[in-house]
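Following this note's numbering, the numbering of the sequence shown begins with 355 at its first residue and continues without gaps. Beneath this line is the structure, given in structure tokens, with notes to follow.
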Amino acid sequence: MVSSDAAAQAAIGAATRELHLPTIRTEAVRIAEIAAREQQSHLAFLAEVLAAEVDDRMSTTG
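Shown next, in the form of structure tokens:
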């Protein structure tokens with residue numbers, strides 16, 4: 355379990371590098387800030403992060 359935002363960001367960075375998820379690595383904090391401001395659920399946040407990764411991959415692969 356990750357106990358601080360800094361530790362969470364480090365864990366996200368390591369996991370997304372290992373899993374080859376560059377968009378999630380660069381967008382997770384920004385999307386998390388929006389989700390918190392809009393009081394989104396954890397599932398809504400996860401859906402937004404995954405959608406960003408898919409959208410980026412679709413735009414780069416044609």
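C-beta atoms are modelled at their ideal positions from N, C-alpha and C, and glycine is treated no differently. Quick caveat: nothing in here was measured; it's all calculated off a predicted structure.
- Judged by their CB atoms, residue 408 and residue 381 are not nearer to each other than the 8 Å cut-off.
- For residue 397, the uninterrupted alpha helix (DSSP H) run begins and ends at 396-415, by DSSP.
- Taking C-alpha positions only, residue 399 is separated from residue 375 by approximately 16 Å.
- Its chain contains 377, 381 as the residues whose beta carbon lies nearer than 6 Å to that of residue 406, once the 5 sequence neighbours on both sides are disregarded; these appear in chain order.
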